[in-house]
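There are 2 protein chains.
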Amino acid sequence: MNPTMRDVADYARVSPMTVSRTLRDDPGVAPEKRSRVLAAVAALGYRRNEAARTLRVGGSTKLLGVIITNIANPFYAQLALGIEDHADKRGMRVVFANSGENTDRERQLVQDFAARRLDGIIAVPAANQHDHLDPAGLAAVPVVLAASPPHRINVDAVLLDDFGGTYEATSMLIARGHRNIGFLGLPAATWTGSERYRGYVAALEAAGLAVQDRFVRRNQPHVAAAVEAANAILDQPDPPTAVFAANNRNTIGAYRAIRSHGGTTALAGFDDFDFADLLDLPLIVVSYDAREIGRVAAELVCGHIDNPSSTPLARRVVIPTKVIDYPNAAS
Amino acid sequence: MNPTMRDVADYARVSPMTVSRTLRDDPGVAPEKRSRVLAAVAALGYRRNEAARTLRVGGSTKLLGVIITNIANPFYAQLALGIEDHADKRGMRVVFANSGENTDRERQLVQDFAARRLDGIIAVPAANQHDHLDPAGLAAVPVVLAASPPHRINVDAVLLDDFGGTYEATSMLIARGHRNIGFLGLPAATWTGSERYRGYVAALEAAGLAVQDRFVRRNQPHVAAAVEAANAILDQPDPPTAVFAANNRNTIGAYRAIRSHGGTTALAGFDDFDFADLLDLPLIVVSYDAREIGRVAAELVCGHIDNPSSTPLARRVVIPTKVIDYPNAAS
DNA sequence: GGCAACTCTGGTACCGATACCATCGCCGGG
DNA sequence: CCCGGCGATGGTATCGGTACCAGAGTTGCC
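Laid out in structure tokens, this is it:
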């Protein structure tokens, strides 16, 4: 087995206490014994058992739990980077898990994290059901939500300006003369889905345009469905001259459909991506700093870790969005 | 503070042992006491302290450490997904950290992981210096490398067929009539860089073509440098009619350069990506299942966890590549 | 009826580290 | 010369669980 502190003590002919003090840089260890201890540590390849230390000191595990829906989505990868940025500054490590948009699994993961006594949890909730994310039921482990506000629980959240970004991009389409604008959205029950739709509707209304339901599709779980929905919109008589896609997947689907329809329909979408400027059709995207979301979420959760007495404030930090125009002129 | 097992025992008017047994599903607990205990657990919101349990049982932390260079790279995100796939089946969680291609940081992370008694480590090494990844110096924590073979240490590795993929893609360019083919590579000191270059050279030689150093650039750390290198190659008199780019970054750079040169140069590159079929120039990519790499690496490391006595075999599993042709005909 | 075997329960020690207190030797001042 | 005080060191209990063993109560079989 691994050497223990007692082994080191025996080897160095001192008591375990002296070893403990030495390794904690406690003053009041004679230089000579100190060096004997360090030599013993090196000789035995000793490494302190942090779990045991944590148990005794009542200290923290210095682990931050992160639950996201899918790390393969570049948005979440950036989020993860931002969280790690901040965690690392505090000597903390990050435990990642993918929920796969499944609330049951999300619940299991949260329970597991609490049992492991992680210091804090950052979650991108899969759905609207948030009871299992309430710190009150989780041994008071601080929780911060990202990308979606809490529902009936009292925790902080870092949000994106879903409404504003969509409003701005849609308005840009209108400013370019489009009057009939399609919408490929996310399920209405989700925060993001509802906010982005709200932004679309508000932009139309502000320009005195009516929302036409025949141009709206709101439930495409994958790219293939998005292609199909976009085709359905474009195949109508008197089709829209522009489309707004509420996320990455829908943008790709719309892009493919527009391409196969001759490429004359304007396209705007939420979520920027690499290569957006290398495509063969013009594109408008709503961009934002996903890494910053992670950084802020980590800051908030660390704030609660440092100061557990602070009652959850249900704060909401909103990260701004920026609309980017990729003209993608003929090459 | 959190309730302890003793609190539960007091509440249920039994001994701590009975609580412990109940929570471990030990048979031989009277049904009535059992239900009293479960009621007490629910009433107090008790959660067993896994760290304490691990300490006593001498068991494992059920944590797998993963060190990659940058999670924002979709390749590593997929790798991470594959690792989590397998870990999850065994009730393990995954601790991620980015080394940022910095060996010093990598060393710190590995030490930290060992001190936390993680059960195993999967690393994509930042460089050729691997001493710090030797399980012998890490409390015998099993280590598996991904994407790069071990150097002077005795551990398993999961590799990609860097040579074969490059050979095949380059050969495809040759088969299409190209005789002068540029190469945008990675530093020669890296395994991947050297293997991919070897594949390029071997394909040329097999076709009786000479390697022309004026068409080769091997050190572009970011996209801007790749653009510059590609421009330098294309601006020569009698430039190549095709270019092979040894990774993602170089492919993007080459793509931009080729586009600005009129778009007549053929392009092939290592690493597939979303949107590859939506660009406005034809493209050949070397594709592979990054998720599978992660899955296999996790399997290997779990094998060592289950059977610590097994001497490291320095096994090498090679994941195959597949060449994909995106004609990207005019839209 | 007696004794072994079995079921259920609780006491005690211990995993590896550290907080707290006791001890020991040494110093200077009264 | 003796005692208070200080710095260095070690003993002991403890963090939250669990392995091991002992003991109480019950049953079954000869």
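The listed protein sequences correspond, in order, to chains A and B.
As numbered in our numbering, residues 1 to 331 make up the first sequence, in order.
As numbered in our numbering, residues 1 to 331 make up the second sequence, in order.
Built from N, CA and C at the ideal position, the CB exists for glycine as well.
Predicted model, so just to flag it, every value in this text is computed and none were measured.
- Bounds of the beta strand (DSSP E) holding Thr-321/B are 321-326.
- With respect to the 8 Å criterion, Gly-65/A and Ile-121/A are classified as neighbours on the basis of their beta carbons.
- No Cβ-Cβ contact shorter than 8 Å links Pro-239/B with Pro-282/B.
- Within the stretch 113-142 of chain A, the residues whose Cβ lies closer than 9 Å to some Cβ of chain B are Phe-113, Ala-114, Ala-115, Arg-116, Arg-117, Ala-136, Gly-137, Leu-138, Ala-139, Ala-140, listed in chain order.
- Contact between Gly-253/A and Ala-268/A is absent: CB atoms are separated by about 14 Å, not below the 8 Å threshold.
- About 20 Å separates the CB atoms of Leu-279/A and Gln-220/A; that is not less than 8 Å, and the two are not in contact.
- Nearest in C-alpha terms to Leu-300/B, of all of Ala-126/B, Tyr-288/B, Val-285/B, Val-318/B, is Val-318/B.
- Within the stretch 294-314 of chain B, no residue places its CB atom closer than 9 Å to a CB of chain A.
- Contact between Asn-98/B and Thr-69/B holds, with the beta-carbon distance rounding to 7 Å and staying under 8 Å.
- Counting only runs of 3+ residues, the beta strand (DSSP E) found wholly inside the stretch 239-321 of chain A occupies 242-245, 266-270, 283-288, 316-319, in chain order.
- The C-beta separation of Arg-256/A from Val-227/A comes to about 5 Å, placing the pair in contact by the 8 Å criterion.
- Listed in chain order, the alpha helix (DSSP H) elements of length 4 or more contained wholly in the stretch 33-67 of chain A are 50-57.
- Nearest CB-CB separation between Asn-98/A and chain B: below the 8 Å threshold.
- It is roughly 19 Å from the alpha-carbon of Met-5/B to the alpha-carbon of Gly-28/B.
- For the options Thr-241/A, Ala-147/A, His-222/A, the alpha carbon positioned closest to that of Asn-250/A is the one of His-222/A.
- The straight-line gap separating the alpha-carbon atoms of Ala-202/B and Asp-156/B is approximately 27 Å.
- Of the residues Ala-266/A, Ile-153/A, Leu-79/A, Gly-91/A, the one whose Cα lies closest to the Cα of Arg-291/A is Leu-79/A.
- DSSP, read as helix, strand or coil, puts Leu-184/B in strand.
- Within the same chain, and ignoring the five residues on either side of His-304/B in sequence, the residues whose Cβ sits closer than 6 Å to its Cβ are Pro-142.
- Pairing Glu-106/B with Pro-135/B gives a Cβ-Cβ distance that is not under 8 Å.
- Counting only runs of at least 4 residues, the stretch 182-217 of chain B fully encloses the following alpha helix (DSSP H) elements, listed from N- to C-terminal order: 191-206.
- For Thr-54/A, the nearest CB of chain B lies under 8 Å from its own CB, placing it at the interface with that chain.
- DSSP places Ala-97/B in no alpha helix (DSSP H) but in the uninterrupted beta strand (DSSP E) bounded by 93-98.
- Annotated three-state conformation of Ile-83/B is helix, per DSSP.
- Taking the C-beta atoms as reference points, Asn-247/A is found no nearer than 8 Å to Leu-204/A.
- Legend: CB atoms of the stretch 67-87 of chain A lying less than 7 Å from CB atoms of chain B belong to residues Ile-71, Ala-72, Pro-74, Ala-77, Gln-78, Ala-80, Leu-81, Glu-84.
- In the structure shown, Gly-177/A falls within a coil segment according to DSSP collapsed to helix, strand and coil.
- Boundaries of the beta strand (DSSP E) harbouring Ala-157/B: 156-160, taken from the DSSP string.
- Apart from sequence neighbours up to five positions away, the residues of its chain that approach Glu-84/B with a beta-carbon distance below 6 Å are Val-94, ordered along the chain.
- Contact check for Val-243/A against Ile-284/A fails: the beta carbons are separated by 8 Å or more.
- Taking 8 Å as the cut-off, the Cβ atoms of Arg-217/B and Ile-233/B count as close.
- Interface criterion met: the Cβ of Asn-2/B is under 8 Å from a Cβ in chain A.
- Using a CB distance cut-off of 8 Å, Leu-279/B counts as an interface residue toward chain A.
- Against Asn-49/B, the close residues of chain A are Arg-117, in the order they occur along the chain (beta-carbon pairs closer than 7 Å).
- If you check the CB distance, Leu-173/B and Ile-153/B do not come in under 8 Å.
- Neighbours of Tyr-255/A across chain B, judged by C-beta separation under 9 Å: Phe-275, Leu-278.
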